Amino acid sequence: MRASKTLSGRQMIGRQKELHISGAEGIYQESKIQQIVKKYLERGMHHPKGKSDSIVVTAERLKQVPKIRAALPVTTVMCHTTAEGKKVISSILRSLGISEKAMDMASAVISKDAMRGATIIATEKGIRLEPNKERGVRVSRVGITGSASKLLSTRLLRHGINTDTVKEAMILASKVVSHSDVIAELCISDDPDYTTGYIASRKFGYLRIPHIKRQGSRSGGRAFFVREGADISALIHYLETVPVLIGKVALCKGTLAIHEIINSPHR
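Structural data, given as structure tokens:
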């Protein structure tokens with residue numbers, strides 16, 4: 085599902101003709117499609133970013149058997165201010181071997197008006213590698229099995245974070261970092277009312293970072309940090325076209341201080 089709003093007049097200066105309002109997708113059984121479409125329409129019609137002028141829902145039958153991947157463990161980082169959030173981001177990314185150049189590039193892209201997809205950044209050189217800088221890369225064809233979804237909800241509920249936003253983001257991030265060329269993903273929502281972002285990696289899992297931006301900010305985006313020499317075409321093919329189902333759920337560790345996370349990596 086993609087919901088958008090048409091911009092006009094001064095709204096269009098230096099910006100795209102459309103404002104992205106909401107997006108969502110998943111892999112579902114045919115019997116669930118009607119229910120899911122209704123849910124997506126409701127989301128597109130009632131969103132903090134405004135009322136959509138266009139809502140497009142596409143249903144496609146998969147011709148390829150989905151690959152089964154494991155979910156990342158979920159941890160919330162102890163963080164109380166946006167200044168603290170910036171320090172948390174830097175500490176985690178440095179621990180993953182991400183250079184200052186790469187971090188600066190990610191910050192520059194994310195601080196602008198939200199781009200349509202994600203940017204791909206070389207971990208050391210800090211250069212953007214996605215072929216279309218306006219469109220970016222859109223992660224697609226990803227979902228979770230019914231049994232894994234129920235178990236994930238149970239574990240998230242214990243920590244008061246069993247929401248569609250958390251589940252969908254974690255599922256998407258689990259696909260992204262399951263590719264061997266991806267070191268980490270940094271995500272800051274462009275939703276003005278949602279100020280919790282995340283960093284995902286195989287080393288530390290899915291780390292929720294509260295107060296990652298100020299309330300009311302529409303800036304946001306995704307950055308994928310990749311190994312130098314990564315096959316970008318193969319990576320984009322995997323992210324956009326290869327179907328992946330999350331079939332195994334990891335632990336939800338609750339809230340931890342940054343030093344506890346860095347000193348006790350998942351892998």
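Plus 84 on top of the position in the sequence shown (first one is 1) and you've got my numbering.
In this text, a Cβ means the ideal position worked out from N, Cα and C, and glycines have one as well.
Treat the numbers as computed from the prediction; the structure is a model and nothing was measured.
- Annotation: the continuous beta strand (DSSP E) that includes G281 extends over G281 to S285.
- Put simply, of S115, E109, E114 and Q113 the residue whose alpha carbon is nearest the alpha carbon of L125 is E109.
- Annotation for F288: T159, I176, S179, L180, I345, I346, P349 and H350 place their beta carbon closer than 8 Å to its own, counting only its chain and skipping 5 residues before and after.
- Straight through space, the alpha carbons of A202 and L323 are spaced by roughly 11 Å.
- For the 7 Å CB-CB criterion, L240 and C336 form a contact.
- Shown here for V149: same chain residues with a beta carbon closer than 8 Å to its own, the five before and five after excluded, namely P327 in chain order.
- L146 and T165 have their C-alpha atoms roughly 43 Å apart.
- For S317, the enclosing alpha helix (DSSP H) begins and ends at I316 to T325.
- Only buried fits E214, as 16 or more other CB atoms lie within 10 angstroms of its CB.
- Counting along the chain, the unbroken alpha helix (DSSP H) around L235 starts and ends at G230 to L241.
- Remark: three or more beta-carbon pairs, one from each stretch, lie closer than 8 Å, so the segment 248 to 267 and the segment 219 to 226 are flagged as touching.
- The criterion of a C-beta distance shorter than 7 Å is satisfied by M189 and I205.
- With respect to the C-alpha of R222, the residue from G230, F308 and V333 having the closest C-alpha is F308.
- Going by DSSP, G169 is part of the alpha helix (DSSP H) stretching over T166 to S179.
- The shortest CA-to-CA distance from H321 to any of I293, H263, V140 and L270 is the one to H263.
- Comparing alpha-carbon positions, the option among S303, K259, A268 and V260 lying closest to T279 turns out to be S303.
- Close CB contacts of K151 within its chain, under the 8 Å cut and outside five residues either way in sequence, are with V326, P327, V328 and L329 (chain order).
- Rounded to whole angstroms, H343 and S285 show a C-alpha spacing of 16 Å.
- The three-state secondary structure of S224, taken from DSSP, is coil.
- Residue range E184 to S195 is occupied by the alpha helix (DSSP H) that includes K185.
- By the neighbour-count criterion, in which 16 or more other beta carbons inside 10 Å mark a residue as buried, S273 falls on the buried side.
- Just so you know, the alpha carbons of M187 and G210 end up roughly 7 Å apart.
- Within the same chain, and ignoring the five residues on either side of K217 in sequence, no residue has its Cβ closer than 7 Å to its Cβ.
- In this model, E168 and D315 are separated by some 35 Å (Cα to Cα).
- Contact check for C271 against R311 fails: the beta carbons are separated by 7 Å or more.
- For K332, the beta-bridge partners assigned by DSSP are A154.
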